[in-house]
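Enquirer: Here's a structure for you.
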Amino acid sequence: MANIFVVEDETNLQKILKYDLTHEGYNVTLSGDGLDAAVILKHQSFDIYLLDWMLPELSGLELCKIIRQHDQTGHIIMLTARSDEFDKVEALNAGADDYITKPFSNRELIARIQARLRKQHNLSESKQLDKIVLNDITIIPEKYETYLGDEKIELTLREYELLLYLVKHANKVVSRDQLLESLWGYSYDGDTRTIDVHMFKIRSKFENETIKFKTIRGIGYMLETK
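Okay, structure coming up:
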């Protein structure tokens with residue numbers, strides 16, 4: 001069963017999350033402040049990280065960056081009272097895969113966790129392919145590695161998932177809603193800014209004369225090859 005690291009300084013919420021997640025069969029590790037969590041992270045990795053943004057000593061955002069220095073496959077979900085678009089983009093840029101605004105339903109949180117773990121299972125199954133090649137892009141699923149020509153390109157797990165999806169649907173228009181549903185596994189209630197942030201990063205890393213990531217206004221994106 002999946003291992004979940006909950007970093008939350010509100011004692012009552014900590015207890016509720018541990019109870020509900022343990023009831024679902026997950027192994028749960030708790031921490032109440034950023035520095036304590038950073039010490040734990042030196043010795044252990046997790047499948048899911050639930051990080052409160054506002055933590056004593058070290059913020060959840062800083063923890064997110066620390067995690068991404070050594071773990072590109074664990075899923076990070078920010079728990080935050082911040083709902084501004086700027087804060088959401090900042091969290092994604094720091095390496096978070098998702099965010100949920102307080103107060104939230106634990107059922108919704110568990111559904112999001114389950115969606116992330118299902119996606120991870122699907123990615124593991126795709127490793128059976130030796131490699132996927134599209135023009136100058138090469139993807140090696142077994143190692144989660146991507147190349148542009150001979151150059152290895154470093155990606156976060158979410159960027160990797162998005163690139164893989166677009167490569168598999170090359171020269172076809174895919175909507176933002178389709179991407180959200182396929183990669184995140186649930187609806188974002190029309191908030192598609194998260195896709196745009198990741199697309200900007202992928203475009204800057206892979207676009208060249210033979211590969212174009214076209215924005216289809218009002219719809220979504222298309223990876224166009226020449």
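Okay, so the sequence shown: first residue is 1 according to the UniProt record's numbering, each after it adds one.
Note that beta-carbon positions come from the ideal geometry of N, C-alpha and C, so glycine has one too.
Quick one: what's Lys214 bridged to in DSSP?
Expert: Met222.
Enquirer: Drop a sphere of 10 angstroms on the beta-carbon of Ile113, count the other beta-carbons inside from all chains shown, and report buried for 16 or more, exposed for fewer.
Expert: So Ile113 counts as buried.
Enquirer: In three-state DSSP terms, what is Asp71?
Expert: Of the three classes helix, strand and coil, the one that applies to Asp71 here is coil, per DSSP.
Enquirer: Can you give me the start and stop residues for the beta strand (DSSP E) that Phe206 sits inside?
Expert: Per DSSP, Phe206 belongs to no beta strand (DSSP E); it is in the alpha helix (DSSP H), Arg193 to Phe206.
Enquirer: Taking only runs of the beta strand (DSSP E) that begin and end inside the stretch 97-181, which ones reach a length of at least 3 residues, in chain order?
Expert: Runs found: 98-101, 132-134, 137-140, 145-148 and 151-153.
Enquirer: Tell me, please, whether the stretch 43-54 touches the stretch 70-79 by the rule of three or more beta-carbon pairs shorter than 8 Å.
Expert: In short, these stretches touch, since the Cβ pair count reaches three.
Enquirer: Applying the criterion that 16 or more other CB atoms from any shown protein chain within 10 Å of the CB defines a buried residue, is Ser187 buried or exposed?
Expert: Its pLDDT being 48, under 50, Ser187 is placed unreliably in this model, and the coordinates cannot settle the point.
Enquirer: Using a Cβ distance threshold of 8 Å, determine whether the stretch 28-42 contacts the stretch 50-62, with at least three qualifying pairs required.
Expert: Output reads yes: the stretch 50-62 touches the stretch 28-42.
Enquirer: Hey, how far is the Cα of Met54 from the Cα of Arg82?
Expert: If you take the alpha carbons of Met54 and Arg82, they lie about 9 Å apart.
Enquirer: For Tyr49, report the span of its beta strand (DSSP E) as first-last.
Expert: Ile48 to Asp52 is the span of the beta strand (DSSP E), which, as asked, contains Tyr49.
Enquirer: Sorted by chain position, which residues of the same chain lie with C-beta nearer than 6 Å to Ala91's C-beta, five sequence neighbours on each side aside?
Expert: Excluding residues within five positions, the ones whose Cβ falls inside 6 Å are Met78 and Tyr99.
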